[in-house]
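Structure first, then comments.
4 protein chains.
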Amino acid sequence: MPNKAAPDASRRSETARRAILAAALDLVAEVGYAKLSIEGIAHAAGVGKQTIYRWWPSKGSLLFDAFLTLAGEGEATALPDTGDLAADMKMVLRATVDELNDPRFDQPMRALHTEIVHDPVLAADYVKRLDEPMRELKKQRLRAAQRVGQLIEDVDLDVAVDMLFGPVLNRWLQHTGPLTHDYVDHVVDTALRGLGPR
Amino acid sequence: MPNKAAPDASRRSETARRAILAAALDLVAEVGYAKLSIEGIAHAAGVGKQTIYRWWPSKGSLLFDAFLTLAGEGEATALPDTGDLAADMKMVLRATVDELNDPRFDQPMRALHTEIVHDPVLAADYVKRLDEPMRELKKQRLRAAQRVGQLIEDVDLDVAVDMLFGPVLNRWLQHTGPLTHDYVDHVVDTALRGLGPR
Amino acid sequence: MPNKAAPDASRRSETARRAILAAALDLVAEVGYAKLSIEGIAHAAGVGKQTIYRWWPSKGSLLFDAFLTLAGEGEATALPDTGDLAADMKMVLRATVDELNDPRFDQPMRALHTEIVHDPVLAADYVKRLDEPMRELKKQRLRAAQRVGQLIEDVDLDVAVDMLFGPVLNRWLQHTGPLTHDYVDHVVDTALRGLGPR
Amino acid sequence: MPNKAAPDASRRSETARRAILAAALDLVAEVGYAKLSIEGIAHAAGVGKQTIYRWWPSKGSLLFDAFLTLAGEGEATALPDTGDLAADMKMVLRATVDELNDPRFDQPMRALHTEIVHDPVLAADYVKRLDEPMRELKKQRLRAAQRVGQLIEDVDLDVAVDMLFGPVLNRWLQHTGPLTHDYVDHVVDTALRGLGPR
DNA sequence: AGATAAGCGAGACGGTACGTCTAGTCTTCTC
DNA sequence: GAGAAGACTAGACGTACCGTCTCGCTTATCT
Numbered sequence: 008m009p010n011k012a013a014p015d016a017s018r019r020s021e022t023a024r025r026a027i028l029a030a031a032l033d034l035v036a037e038v039g040y041a042k043l044s045i046e047g048i049a050h051a052a053g054v055g056k057q058t059i060y061r062w063w064p065s066k067g068s069l070l071f072d073a074f075l076t077l078a079g080e081g082e083a084t085a086l087p088d089t090g091d092l093a094a095d096m097k098m099v100l101r102a103t104v105d106e107l108n109d110p111r112f113d114q115p116m117r118a119l120h121t122e123i124v125h126d127p128v129l130a131a132d133y134v135k136r137l138d139e140p141m142r143e144l145k146k147q148r149l150r151a152a153q154r155v156g157q158l159i160e161d162v163d164l165d166v167a168v169d170m171l172f173g174p175v176l177n178r179w180l181q182h183t184g185p186l187t188h189d190y191v192d193h194v195v196d197t198a199l200r201g202l203g204p205r
Numbered sequence: 008m009p010n011k012a013a014p015d016a017s018r019r020s021e022t023a024r025r026a027i028l029a030a031a032l033d034l035v036a037e038v039g040y041a042k043l044s045i046e047g048i049a050h051a052a053g054v055g056k057q058t059i060y061r062w063w064p065s066k067g068s069l070l071f072d073a074f075l076t077l078a079g080e081g082e083a084t085a086l087p088d089t090g091d092l093a094a095d096m097k098m099v100l101r102a103t104v105d106e107l108n109d110p111r112f113d114q115p116m117r118a119l120h121t122e123i124v125h126d127p128v129l130a131a132d133y134v135k136r137l138d139e140p141m142r143e144l145k146k147q148r149l150r151a152a153q154r155v156g157q158l159i160e161d162v163d164l165d166v167a168v169d170m171l172f173g174p175v176l177n178r179w180l181q182h183t184g185p186l187t188h189d190y191v192d193h194v195v196d197t198a199l200r201g202l203g204p205r
Numbered sequence: 008m009p010n011k012a013a014p015d016a017s018r019r020s021e022t023a024r025r026a027i028l029a030a031a032l033d034l035v036a037e038v039g040y041a042k043l044s045i046e047g048i049a050h051a052a053g054v055g056k057q058t059i060y061r062w063w064p065s066k067g068s069l070l071f072d073a074f075l076t077l078a079g080e081g082e083a084t085a086l087p088d089t090g091d092l093a094a095d096m097k098m099v100l101r102a103t104v105d106e107l108n109d110p111r112f113d114q115p116m117r118a119l120h121t122e123i124v125h126d127p128v129l130a131a132d133y134v135k136r137l138d139e140p141m142r143e144l145k146k147q148r149l150r151a152a153q154r155v156g157q158l159i160e161d162v163d164l165d166v167a168v169d170m171l172f173g174p175v176l177n178r179w180l181q182h183t184g185p186l187t188h189d190y191v192d193h194v195v196d197t198a199l200r201g202l203g204p205r
Numbered sequence: 008m009p010n011k012a013a014p015d016a017s018r019r020s021e022t023a024r025r026a027i028l029a030a031a032l033d034l035v036a037e038v039g040y041a042k043l044s045i046e047g048i049a050h051a052a053g054v055g056k057q058t059i060y061r062w063w064p065s066k067g068s069l070l071f072d073a074f075l076t077l078a079g080e081g082e083a084t085a086l087p088d089t090g091d092l093a094a095d096m097k098m099v100l101r102a103t104v105d106e107l108n109d110p111r112f113d114q115p116m117r118a119l120h121t122e123i124v125h126d127p128v129l130a131a132d133y134v135k136r137l138d139e140p141m142r143e144l145k146k147q148r149l150r151a152a153q154r155v156g157q158l159i160e161d162v163d164l165d166v167a168v169d170m171l172f173g174p175v176l177n178r179w180l181q182h183t184g185p186l187t188h189d190y191v192d193h194v195v196d197t198a199l200r201g202l203g204p205r
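For the protein sequence lines, the chains are A, B, C and D, in the order given.
The letter at position 49 of the first sequence is residue 56 when you use my numbering, and the numbering goes up by one with no holes.
The letter at position 193 of the second sequence is residue 200 when you use my numbering, and the numbering goes up by one with no holes.
The letter at position 97 of the third sequence is residue 104 when you use my numbering, and the numbering goes up by one with no holes.
The letter at position 65 of the fourth sequence is residue 72 when you use my numbering, and the numbering goes up by one with no holes.
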């Protein structure tokens, strides 16, 4: 039994919702995460603060929703499959770093990741609605590679995905090095060939 | 001609410095990054706010210094070398996840990483004073493995390090899965063997 | 041509009207004037806010109506006349202070007076619908006294009423002293006898 | 033992204090009591809100202080004494109504009285710092009148003061009639002569 | 040794933003 | 068409911190 009356979603203003999400993206890109304020978003969206507090429990969840409109929730249905696993993975990862290098995506993604680092609830949501679906697509491509003998059979596909995509995300988050196409090519080649001899 | 008089470091109070760093660690562990305030740290350390602002340019750099006292700057001089690369890497990574799972380390590290994500200057400092030295140790161990034929010759060692350590850091930051010894074992085995057949 | 359609009073819900007035009185007595809100009244009355805004132009006018239901508009038809002016005035004033000391009346009256102080329109309404009728009754009693030689002929009856009732109201409003029967007796005696010698 | 550290008054900024009081007076005169906000005062005074909240417990006490700067705390030392009580009281009361009719005084005084009506603590302060001293001056003048036989001996001087000044304040607060010199003359004459015959 | 000056604890200052509350308007649905 | 319900824009509330500043006090260095 909820002790606080939930707002009636059927009456929600779609106009306001969209204005808020757009304003959040614009503002985070403009002023950066540190200076992003609910008050600023409300003002930029031409909306009362309460309208934000009514529908989002935290700045993180708002950023998450905003990010989803940017990413297009569940837009991709499959990774490219030209028959050459290495080439396909390089293509995907190159597109990823291009996105990460795009200022329009960079700031919102950093903001979202910051929230995820500190908010396990939000992180769970992120895993379920963004990470899992994307991970599934990646695993599907890897399974297809297994079928044509381009990937060993007895590998943990989650670990495989982590090894292919983790290093790039880390380098971006931690500014430990430049995000280039060369780097991702190296990562794909190394991951596929393995570090050990033979 | 500097327009702002630099503080005279020779007169700096070591007592205050230590109290501030300790209070920062205690507080971030206690209340979390989001509720961590300079004012709170100053109060907990029994110190005036100005003493913090005088010596640290940002909350991030303070957290960095605090973290260094926790990690023990440049304490380790070499990674273990029993002759078995896989076993050694598993040992190191298991120790790493144990640390990441330790509440005393978890919050300060998350706080530091948050700052790094948004502050390239701090990130550069982090890379130079923490990431680079640790990375060098790891590369030394990998070079030793190359000498005894446990690691292929023509591999980019930076990429190798990223593939071994990146997935763990990632999983921790994004809460994408549990950080277990099993997981790191999988990662090491897979990285060494490679994803491709043969 | 009115630009705002006037509500059709014939369709007005008497139930809602009464619930609102009752809720206003209850709430002002319970939480005090400062924390009295239209929203709170609407909620307590089980009524939509619009129903209040439709029928009352201001919080003051609502309080005024509520107060009228408490006072019983134009209920008294004459002041007591035992033939002894002083005794009759003391009786009336004692009843007045008893009312002012009654918590049920105290808060609503203070609220109403606050609104009157700042709203000349409401004040005019108050004068016409509450002050004037009461004042007329008082003047009637004074005129009767004049007829039997208990009050001088050439006195401004409005001034006389002000001198008898004003001090009590003031003392109550300003908390300048306790409102006792003794005090009103003093006022009546002094007013009738005059301050000057003889 | 106070549970909340009291601010250190010795460090108080006199500039800020004066700016706040002046801004409060200006604003209440300009926009009226109903639209007077702490935020507005702070802004007009070029001051942070906290500086107001630090030094005044309520809007009422701020208005009180502001009013004191307007009235000049304890400025008058004695009422005029020409030997003619009636003439002197008329002079004083005429000055009073002139003040009440002055827009510069009207709004702040109404604001202050509103707060007093609802805040007994503030009312006590008002009585002590403004009402009592003024009342004492009035009573001194009345005592002087008693000495020269212009006022009866056995009268409660507080009641006498209430009868002379109460009606004017009342008429002003409640808008029950115009505040004219004629009116105060009537009041003084009637009070001194008394309502009863002879 | 006394003067000088810096760091220090303390905390007031002008501000920004927080998250909550209410005003008054508007919209939707029911009776 | 009035009414219950409640979302909407707007903005004040009182609180928490920001980063700067000023105040005495304590040290350390320099005449």
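Ideal placement from N, C-alpha and C gives every residue a C-beta, glycine not left out.
Mapping DSSP to helix, strand and coil, what is D/S44?
Look at D/S44 here: in three-state DSSP terms it is coil, with no helix or strand label.
Taking 8 angstroms as the cut-off, decide whether the C-beta atoms of D/H182 and C/V134 are in contact.
In this structure, C/V134 lies closer than 8 angstroms to D/H182 by Cβ.
Just curious, the alpha helix (DSSP H) that D/V155 is in, first and last residue?
Segment: none, D/V155 is in no alpha helix (DSSP H) and carries neither H nor E.
From the DSSP output, in three-state form, read off B/D88 for me.
Coil at B/D88, not helix or strand.
Drop a sphere of 10 angstroms on the beta-carbon of A/Y60, count the other beta-carbons inside from all chains shown, and report buried for 16 or more, exposed for fewer.
It is exposed - the Cβ of A/Y60 has fewer than 16 other Cβ atoms within 10 Å.
Taking contact to mean 3 or more Cβ pairs, one atom from each stretch, closer than 8 angstroms, check whether the stretch 31-44 of chain A and the stretch 58-78 of chain A are in contact.
Segments in contact, yes.
Where C/N177 falls, given that 16 or more other Cβ within 10 Å makes a residue buried:
C/N177 should be labelled buried.
Check C/D126 in the structure and name its three-state DSSP category.
Note: C/D126 maps to coil in three-state DSSP.
According to the Cβ coordinates, are B/V124 and A/L180 closer than 8 angstroms?
Remark: C-beta atoms of B/V124 and A/L180 approach each other more closely than 8 angstroms.
Does D/Y60 have its Cβ less than 8 angstroms from a Cβ in chain C?
With its beta carbon at least 8 angstroms from every one in chain C, D/Y60 lies outside the interface.
8 angstroms is my cut-off, CB to CB: does D/M8 come that close to chain C?
Low per-residue confidence applies at D/M8: pLDDT is 45, beneath 50, and the placement is therefore not dependable enough to give any value.
Give the C-beta separation of C/T187 and D/V166 to the nearest angstrom, bearing in mind that I take them to be a contact with Cβ-Cβ under 8 angstroms.
Their Cβ separation, rounded to whole angstroms, is 12 angstroms, which puts C/T187 and D/V166 out of contact at 8 angstroms.
Using the beta-carbon count (16 or more within 10 Å), is D/G55 buried or exposed?
That one is exposed.
Under 7 angstroms Cβ to Cβ from C/N10, same chain only, skipping five residues before and after it: list those, please.
Bear in mind that the predicted position of C/N10 carries a pLDDT of just 49, short of 50, making it too unreliable to give a figure here.
Could you round the C-beta distance between C/V35 and C/P115 to whole angstroms and report it? I think they count as a contact, below 8 angstroms.
With a beta-carbon spacing of about 5 angstroms, C/V35 and C/P115 fall inside the 8 angstroms limit used to define contacts.
Can you tell me whether C/V128 is buried or exposed, with buried defined as 16 or more other CB within 10 angstroms of its CB?
Around the Cβ of C/V128, a 10 Å sphere holds fewer than 16 other Cβ atoms; the residue is exposed.
Could you tell me whether the stretch 85-94 of chain A touches the stretch 137-157 of chain A, using the rule of 3 or more Cβ pairs below 8 angstroms?
Yes, since at least three Cβ pairs between the stretch 85-94 of chain A and the stretch 137-157 of chain A fall closer than 8 angstroms, the two stretches touch.
Quick one: what's got a C-beta closer than 8 angstroms to B/V191's C-beta in the same chain, skipping five residues either side?
Excluding positions up to five away in sequence, the list reads K97, L100, R101, T103, V104, V175.
For D/L1 versus D/D113, is the C-beta distance shorter than 8 angstroms?
The question about residue 1 of chain D has no answer here: the residues shown for chain D are numbered 8 through 205.
Between B/V195 and the rest of its own chain, which residues show a CB-CB distance below 6 angstroms, the 5 nearest in sequence each way excluded?
In chain order, A93, M96, K97 place their CB closer than 6 angstroms to the CB of B/V195, counting only its own chain and leaving out the 5 sequence neighbours on each side.
Three-state class that DSSP yields for C/H182 in the structure shown:
Here DSSP, grouped into helix, strand and coil, assigns C/H182 to coil.
According to DSSP, is C/I27 helix, strand or coil?
In this structure, DSSP gives C/I27 a helical state, which the three-state scheme calls helix.
When the distance is taken between beta carbons, is C/A16 closer than 8 angstroms to C/T58?
Going by C-beta atoms, C/T58 is not nearer than 8 angstroms to C/A16.
Buried or exposed (CB count within 10 angstroms, at least 16 for buried), A/K42
A/K42 is exposed by the Cβ-count criterion.
Span of the alpha helix (DSSP H) holding A/A13?
Looking at the DSSP string, A/A13 is not in any alpha helix (DSSP H), and its letter there is neither H nor E.
In the DSSP assignment, the alpha helix (DSSP H) including B/W62 goes from what residue to what residue?
For B/W62, the uninterrupted alpha helix (DSSP H) run begins and ends at 56-62, by DSSP.
Whole-Å CB distance - A/G67 paired with A/E139, under 8 angstroms assumed
Cβ atoms of A/G67 and A/E139 stay farther apart than 8 angstroms, at about 18 angstroms.
Unbroken alpha helix (DSSP H) run spanning C/T197, endpoints:
Boundaries of the alpha helix (DSSP H) harbouring C/T197: 188-200, taken from the DSSP string.
Could you check which residue in A/R200, A/I48, A/A26 has the C-alpha nearest to that of A/L171?
For A/L171, the closest C-alpha among the options A/R200, A/I48, A/A26 is that of A/R200.
Quick check on the DSSP output: the alpha helix (DSSP H) that includes D/G67 runs from which residue to which?
For D/G67, the uninterrupted alpha helix (DSSP H) segment begins and ends at 66-78.
For A/A78, tell me which candidate among A/M141, A/Q157, A/G173, A/A151 has the shortest Cα-Cα distance.
Minimum Cα distance to A/A78 is reached at A/M141.
C-alpha distance - D/G47 paired with D/W63, whole-angstrom precision:
In this structure, the straight-line span from the alpha carbon of D/G47 to that of D/W63 is close to 15 angstroms.
C-alpha distance - D/A26 paired with D/G53, whole-angstrom precision
Near 8 angstroms, if we compare the C-alpha coordinates of D/G53 and D/A26.
Buried or exposed for D/V162, please, with buried defined as at least 16 other CB atoms from any protein chain shown within 10 angstroms of its CB.
Around the beta-carbon of D/V162, 16 or more other beta-carbon atoms lie within 10 Å, marking it buried.
In this structure, does DSSP put A/R18 in helix, strand or coil?
Correct three-state label for A/R18: helix.
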